[in-house]
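So for the sequence shown, our numbering puts the first residue at 2; every next one is plus one.
Beta carbons: idealized from backbone N, C-alpha and C, even for Gly.
Report on the following structure.
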Amino acid sequence: MRKKDPIEESRRYVDNARKTLKENGELDTELNIYQDEKYVRAAGNYLWLGVLMALDAVFHVRQDRRTRVDIKDYLAAVGKRDKKLLALVNTGYDVMHLSMNYDGIQSKGVSDEGFRLANNIIDRCEAMVN
C-alpha cells in the first residue's frame with residue numbers, strides 16, 4: 002500500500018471540516034453563529050489535525066503515531082526555521098484547537114478564521130516540502 006501525501010491528506014481534513022459545518026452546522030444568519038457547538042468542535046478538531054499533519058511532513062516532530070507530542074515541541078521546531086509560520090501556528094492553535102475545538106465558540110467569524118489559518122499553514126508547509 003502506497004503512503005499518502007501528508008499535504009494532500011491535510012487538505013482532506015480541511016475539506017472534511019468544511020463539509021461537517023456545511024452539512025450539519027446550521028447557521029443562524031441573523032446572529033452569524035452556528036446553532037450546535039458539536040459541529041464547530043468537530044470542525045476545529047479536523048482543522049487542527051490537518052495542520053499537525055502538515056507540520057509533521059516538514060518538521061518530523063512526531064516520530065511515532067503512538068507518541069503524544071506537546072504543542073511546545075511543534076513551536077520550538079517551527080520557530081527555529083520560520084518565524085512567520087510560527088506566528089500562524091500560535092494563532093491557529095488558539096483559534097482551531099482552543100476556541101473551536103475545546104471552547105466550541107459558535108461564531109462563524111471564528112470558524113472562518115480557523116479555515117483561513119489552516120489553509121495558510123498548510124500552504125506554507127507545502128512550499129517547504131517541495
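Whole-angstrom distance between Q36 and E27, CA atom to CA atom: Taken atom to atom, the span from the alpha-carbon of E27 to that of Q36 is near 6 Å.
For V130 and Y40, the rounded distance between their alpha carbons: Cα to Cα, Y40 sits roughly 31 Å from V130.
Three-state secondary structure assigned by DSSP to L53: Helix.
Cβ pair count under 8 Å reaching 3, the region 4-21 against the region 41-58: Short answer: they touch.
Residue burial classification, L89 (beta-carbon count within 10 angstroms, cutoff 16): Counting Cβ neighbours within 10 Å, L89 comes out buried, since at least 16 surround it.
Cα-Cα separation, M2 to D71: With a pLDDT of 40 at M2, under the threshold of 50, the modelled position of that residue is not reliable, and no figure is offered here.
Range covered by the alpha helix (DSSP H) that runs through N17: N17 -> alpha helix (DSSP H) spans P7 to N25.
The alpha helix (DSSP H) enclosing S112, as first and last residue numbers: Where S112 is concerned, the enclosing alpha helix (DSSP H) starts and stops at K109 to V130.
Proximity of M101 and G110 at Cβ, strictly below 7 Å: Not closer than 7 Å, so no.
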